[in-house]
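*Asks:* Chains as they are written, first to last, in my numbering: chain Z, 86 to 425; chain X, 86 to 425; chain W, 86 to 425; chain G, 86 to 425.
#1: Specify whether the region 262–274 of chain X and the region 390–404 of chain X touch according to this definition: at least 3 beta carbon pairs, one from each stretch, less than 8 Å apart.
#2: Decide yes or no for the touch test of the region 344–364 of chain G against the region 270–290 of chain G: beta carbon pairs closer than 8 Å, at least 3 of them.
#3: What did DSSP end up calling residue 152 of chain W once you bin it into helix, strand or coil?
#4: From this set, G/170, G/117, G/121 and G/107, which residue's C-alpha is nearest residue 422 of chain X's C-alpha?
#5: Beta-carbon within less than 6 Å of residue 315 of chain W's beta-carbon, same chain only, minus the 5 sequence neighbours each way: which residues are those?
#6: Residues in its own chain within less than 8 Å of residue 194 of chain G by CB, not counting five upstream and five downstream?
#7: Is residue 87 of chain G helix, strand or coil when you go by DSSP?
#8: What does the alpha-carbon distance come out to for the pair residue 122 of chain X and residue 95 of chain X?
#9: Could you tell me if the beta carbon of residue 351 of chain X falls within a distance shorter than 7 Å of some heavy atom in the ligand GDP?
#10: Buried or exposed for residue 112 of chain X, please, with buried defined as at least 16 other CB atoms from any protein chain shown within 10 angstroms of its CB.
#11: In this structure, does DSSP put residue 175 of chain X in helix, strand or coil?
#12: Flag this pair as touching only if the region 177–191 of chain G and the region 404–422 of chain G have three or more C-beta atom pairs under 8 Å; answer yes or no.
#13: Please report whether the beta-carbon of residue 234 of chain G lies at a distance below 8 Å from any beta-carbon of chain Z.
#14: Rounding to the nearest angstrom, what Cα-Cα distance links residue 140 of chain Z and residue 89 of chain Z in this structure?
#15: Which residues mark the beginning and the end of the alpha helix (DSSP H) in which residue 222 of chain W is found?
#16: Of all the CB atoms in chain W, is at least one closer than 8 Å to the CB of residue 322 of chain G?
#17: Could you pull the start and end residues of the alpha helix (DSSP H) that residue 409 of chain G belongs to?
#18: With 7 Å as the limit, tell me which residues of the region 169–190 of chain W have their beta carbon closer than that to any beta carbon of chain G; keep them in chain order.
#19: Ignore the nearest five residues each way along the sequence and tell me which others in residue 154 of chain G's own chain have a CB closer than 6 Å to its CB.
#20: How far does the alpha helix (DSSP H) with residue 106 of chain G in it extend, from its first residue to its last?
#21: Since residue 372 of chain Z sits in a beta bridge, which residues does DSSP pair it with?
#22: Note down, in chain order, each residue of its chain lying with its Cβ closer than 8 Å to the Cβ of residue 206 of chain G, except the 5 sequence neighbours on either side.
#23: Measuring alpha carbon to alpha carbon, tell me which of W/368, W/118 and W/231 ends up nearest residue 148 of chain W.
#24: Could you tell me which residues DSSP puts in a beta bridge with residue 92 of chain Z?
#25: Whole angstroms is fine: what's the gap from residue 124 of chain W's alpha carbon to residue 116 of chain W's?
#26: Could you name the residues of the region 386–412 of chain G whose beta carbon sits closer than 8 Å to any beta carbon of chain A, in the order they occur along the chain?
#27: Answer yes if the region 210–221 of chain G comes into contact with the region 233–252 of chain G, meaning at least three C-beta pairs across the two stretches below 8 Å, and no otherwise.
#28: Please state if the CB of residue 335 of chain W and the CB of residue 366 of chain W are separated by a distance shorter than 8 Å.
#29: Mind checking residue 297 of chain Z: buried by the 16 CB within 10 Å criterion, or exposed?
#30: Nearest-angstrom Cα distance between residue 175 of chain G and residue 152 of chain G?
#31: Name the residue from W/256, W/130, W/126 and W/91 whose alpha carbon lies nearest to the alpha carbon of residue 313 of chain W.
#32: Could you check whether the region 317–333 of chain G touches the region 370–389 of chain G, counting it as contact only if at least three pairs of C-beta atoms, one from each stretch, sit closer than 8 Å?
#33: Taking beta-carbon pairs under 9 Å, can you tell me which members of the region 266–278 of chain X lie near chain Z?
#34: Against chain X, with Cβ distances strictly below 8 Å, would residue 97 of chain Z count as a contact?
#35: Based on Cα-Cα distance, which residue from W/410, W/401 and W/424 lies nearest to residue 418 of chain W?
#36: At the level of alpha carbons, what is the spacing between residue 359 of chain G and residue 345 of chain X?
Written out as structure tokens, the structure is:
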């Protein structure tokens, strides 16, 4: 049994970690860290988890890490790097923030607007896209979870760039995401009255996950790749659907993806011509990918759907932690999606 | 044409007033007051109203009231009484807050927890339940709009107490309300992620609108009446449904209500045995009332449905303002509900 | 490992059984029965379960039951009794329909409007309210799952009637339920456009689950008990909340319930004065119960919340099947609720 | 006062016509036609309109058209052409179906799969995109309302093709639409349980509104234009948002659209860099258009939002009818959007 601490446990990604670890055969939660809500019973912060026997929320500085094996860090960006810098050396760490995703400090500064406080640590971090960095993740001390939008675009497109079967200059990622990705802090724009029964784009051509697209796509293509990316906010809590327009042969794209992911436990490529739906992956660690021909020859539409809180963050984090701890990669993650 | 000012225009009740007055034949908005959002174009605060030609939001102290005929005051409780106290004498005022609803200062203190800052003014205010105080409203300077939950319970029950055809000691008001009643200020509990796909009771046996029930029901019955009242929060933006359990004869109750409201422009009593739905009054000033027999003899279930932002607050406010200004009571309020 | 067949697998309760059994340690699905959808891959009917290795849907008459241990029967009312009557004797059966819930054939006819086609079998069926019939369920061949609304009212009220601490003549069950309880068949009234952003009561004082209330409450009280019951339809997919008005001492009610359920794996009594929410049990087999004092002395409000598809039908069915098969009662059912 | 008949009044577009005409100063509904629901009071079919004094639903063949001035025809595709063919000559007709949208019978057959039954009539029909065919609409006998998705793409793109400032070979229309566009007939895929909390694409590269795009875009560009078009289904009832990727200069695109629509009563071009939201046009006849630069030079993202039932069908139909009847084009259509 591996002893786990979760920092930033009072947010949605924290609660999702607790939900998943609740039935994980090889992990046990030993500490839950929070700031404003320190001192509270976890069940009073997240009543859906009141049936679990969990430690009381503590301030991070009050946590005894000596018997902890691995820490999940679900803290806000910028805070995360400072907290992780101060953690004891024996800990393995999965960071769910954006702090250690970008390899190039200049890119970090460009997208996040400040100097990085832990540059040495940043150099050692492994980007947590399991399907592409499995080997390094197994031996990493610090894994940086991907952005939830980023992974939704990366999984279907990386193999296509790597195999050079699409035009790297003609990639448009149109994406729609559920509200829970915005977290639990109170914001006018995320009120039910503001979000329900409506749809709009945000952070158009300027979303921070572009930094991850640039880094990973360019590496895969062996040349600078700059995609277009338009995220939209959905009137639903969970789920991301990416609709991606590429130039390339649809059947070749489909067979490349099908082959690439045939052994992957959590990535499913649908039969040619079928498109995925967010409701069919809700609450699960699965990603569904679909490929459809456009009526314009040479243009193909690639879809991917996943749950932003699961495969997009906390499920992915556990998948990586399983590897870091030498466990079965899929342990605790085979819950079927919840529908309806 | 009557010149109108709206104070507290950056909240939902303010926006609902603007929406309704936009097609009102006899009112024109001359000033919009807000605090934190002063200086902004109204269309940037509420983009759904960007097609209207409206004044810029101003701090209340910067508004010139000299050419204003009537003020709608949609400010927070406690703030409202202080602002209204300072308004010029020539203004007619419809207050949408709770500040002037309760006649007895002790009751005000009991439910709202502080001394009233405008006791003299409070004595002159008329309770804005149009269907029961029409005559006084016509000549009032200050009308206090009802609570949105309160009116939903008062309309179906007051005539029954007045006619003494139900047992005043056996009234249970079970009610469900949409999220917009909680206003636009950012609160964790009102986030889309917290509200959608869920249902729960709140302020059980302690909701402040009980003060209004006690005042109005006791007056109608000629004896102290203390109802049970359980509000619930619905995963929808607009609409209140009250399900009210009373002891009394169902057919007598139905005929009493049907007769009482036959001439009212906005209150519809459905055929005996039918129950209303919030979706059928959304965005309108209508209240639908239904009466159904229980299988237990002597018990009757009375339903009422209205839109909390319209008949529950801003529509009601305009209905009262129409009376105060000598206009047709229904002017600007005959918009049909929006469905689906 | 126990071999399982699911009849009526193309409905929501069927899919919920498959979802839960997917991670059940001691059950394996060997046959899936459907009528109109026979011949289809299960993943094409319910794409959220496409990652599972499942048998193709078959017509019931084509299923080989010889190696099946237990059948879950999620067929429509009236169909269920005829199908179950024809099943081989060696099978254990959990029926999710209403066909075997009512002991008295006259009551069955009163509520379901026809003669029962399997009266001998009906005599042997055990009512599937696990917490009250555990012993009989363990040795039963045929268990009749409760109505989803029925269990939501029964769990909090049965112990109070049994202990005679509430007035049996003064019970009002006001209840709100999610849409998935209406099943997957296409009905105008269940369209998204009709249901979302709205709330209304239905089957007022006439819902068929009243037959279950009458049967179980009367037995517990040792006298005829006839409750009032008003169900409402919520604009959400999963979850039932019952708000129950009783005459009795609130603290005594709370302590009675707390004591009664302290050992139960799936029923949680919240601290005195707290009320449950449907979102906190979504997708799980848990039932949360709360007790709050009314301001009228002697009146108490009791709340219960559960997921209609899980504890309300398919989760409950598995809980009973676990007992019938001699397994750990909670096997496969400890998934934490999904929130947000 | 103009006398109006609505055929197909039991569908959502019919109800939306009734809602809007309810406060129209110059139209009066004299006949409501339906098939299966003939004989019913309109208020029993659409209870949100029960306050209106309306004729009972009749079978079309029982309607006396002699005193009718204009007919709105909201019948299903294929049925519509046969019914309209049989209508008396004196009637002006606005058809909301797809039957008369496509000028070329071969295109009609390609997209709708059968021969057209009223080819002579088809030749005389005017395509109901008011902003581009105002002059012909004024004198037309038969106007064919646009597809709701079609208009959402046409309004922002037609002026750009006409002015030749975008590449006609590089247009991608990614679109999301509310559920009400699928109508009121009962379909499994449109159940609340299937639609809410989910998002997916449908009719990818094959949606019938492509026929309208091809016809109108090619005419505007003076050359064949074949766009890519991916519609998605939103978990909300009303609203369409198109996110359109084009090659062209963003500022030039913005100024072209701003200039083109400056005099239009219902089309608003937002300030450069702002994007619209469906919630800000809900229930109204307004269309909001936004233009944002992509980070890739030469690529621009153009957004448009409108309500599928209003500007997308019934509001547009009234706008055209106003012109056909010589009324103020905006009469009855200036209702502000409903938010929240």
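Heads up, the beta-carbon is just placed ideally off N, CA and C, and yes, glycines get one too. Remember, predicted model here, so these are calculated numbers, not experimental data.
*Replies:* Once the coordinates are examined:
#1: yes
#2: no
#3: coil
#4: G/107
#5: 259, 286 and 289
#6: 200 and 201
#7: strand
#8: 7 Å
#9: The model depicted lacks the ligand GDP and carries no ligand whatsoever.
#10: buried
#11: coil
#12: yes
#13: no
#14: 11 Å
#15: 215–224
#16: yes
#17: 400–409
#18: none
#19: 87 and 88
#20: 97–106
#21: Z/352
#22: 166, 169, 170, 185 and 227
#23: W/118
#24: Z/118 and Z/158
#25: 12 Å
#26: The structure shown contains no chain A; the protein chains it does contain are Z, X, W and G.
#27: yes
#28: no
#29: buried
#30: 10 Å
#31: W/256
#32: yes
#33: 267, 268, 269, 270, 271, 272, 273, 274, 275, 276, 277 and 278
#34: yes
#35: W/401
#36: 51 Å
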